[in-house]
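Numbering (this note's numbering), first residue to last: 6 to 103. Backbone N, C-alpha and C fix where the C-beta goes; we use that ideal spot for every residue, glycine too. Here's the structure, in structure tokens; my notes come after.
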């Protein structure tokens, strides 16, 4: 039979609990500001999505819907797609003739 000190048992269980909680938090896709990272993109991810630089995303900030949480900006993919679609032009041959 293995002998274990009660304080060692508490320490081992506490460490196991911390490990489980950290893993579950990672699975939730929530950042430290409480923002769902599955639904929202950071400025860096937005720059990758738009294929532009991070400073350019900051320049576009007033033209695109965004959420500010603390000191961070977040963008919804749906809003970014709508922003891109709003600038889409239709070739003349596809336009309806009045």
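Backbone secondary structure at residue 81 - three-state DSSP: Residue 81 sits at position 76 when you count from the first residue of the chain shown. Of the three classes helix, strand and coil, the one that applies to residue 81 here is strand, per DSSP.
Option in 71, 75, 77 with minimal Cα separation from residue 87: Taking the first residue of the chain shown as 1, we reach residue 87 at position 82. Distances from the alpha-carbon of residue 87 to those of 71, 75, 77 put 71 closest.
Environment of residue 63 [buried if 16+ CB atoms lie within 10 Å]: If you number the chain shown from 1, residue 63 lands on position 58. With fewer than 16 other Cβ atoms within 10 Å, it is exposed.
Buried versus exposed, by CB contacts within 10 Å (16 or more), residue 19: In the chain shown, residue 19 corresponds to position 14, counting from 1. By the 10 Å Cβ count, residue 19 comes out exposed.
Proximal residues to residue 80 (C-beta, below 7 Å), its chain only, five neighbours per side dropped: Start at 1 with the first residue of the chain shown, and residue 80 comes out as number 75. Taken in chain order, the residues that qualify are 45, 46, 51, 69, 71.
Where the beta strand (DSSP E) containing residue 73 begins and where it ends: Residue mapping note: residue 73 aligns to position 68 of the chain shown, counting from 1. 72-74 is the span of the beta strand (DSSP E), which, as asked, contains residue 73.
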